[in-house]
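Asker:
Residue numbers (our numbering): 2 to 81.
(1) Please state if the CB of residue 17 and the CB of residue 43 are separated by a distance shorter than 8 angstroms.
(2) Which word fits residue 13, buried or exposed, when buried means at least 16 other C-beta atoms lie within 10 angstroms of its C-beta?
(3) Thinking just about the alpha-carbon of each residue, which of 23, 38, 75, 50 is nearest to the one in residue 6?
(4) Might you give, ordered along the chain, the residues of its own chain that have their beta carbon closer than 7 angstroms to the beta carbon of residue 34, omitting 5 neighbours on each side?
(5) Determine the direct distance from the alpha carbon of residue 60 to that of residue 40, and round the result to whole angstroms.
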């Protein structure tokens with residue numbers, strides 16, 4: 002929760018990208034980390050930076066994770 006209270010856009014995008022690349026079963030504890038920062042004012046809500054952040058966040062969720070299968074093969078090789 003500290004990242005979502007004091008973090009920035011890049012930190013939340015890093016977390017979601019990391020969670021989406023993790024092996025199956027991660028949803029049991031990591032779903033609380035998949036959320037985006039809420040704006041604190043109407044000006045921030047309408048700012049181009051926030052709009053780009055929301056678009057990037059949604060694209061990360063909706064499009065397949067690039068090279069996830071390679072990542073998981075490497076991970077399973079090290080931990081399997």
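Virtual Cβ for every residue (Gly too), placed ideally from N, Cα, C.
Answerer: Short version:
(1) Sequence index remark: in the chain shown, residue 43 carries index 42 (1-based). Sequence index remark: in the chain shown, residue 17 carries index 16 (1-based). Their beta carbons are not under 8 angstroms apart, which means residue 43 does not touch residue 17 by this criterion.
(2) In the chain shown, the residue the question calls residue 13 occupies position 12. By the neighbour-count rule (16 or more Cβ atoms within 10 Å), residue 13 is buried.
(3) Taking the chain shown and counting its residues from 1, one reaches residue 6 at position 5. When only C-alpha atoms are compared, the closest one is 38.
(4) As a first step, residue 34 is located in the chain shown; it is residue number 33 there, counting from the start. Here the set comprises 16, 20.
(5) Translated into positions along the chain shown, residue 40 becomes position 39. Translated into positions along the chain shown, residue 60 becomes position 59. Using only the alpha carbons, I get a separation of about 19 angstroms.
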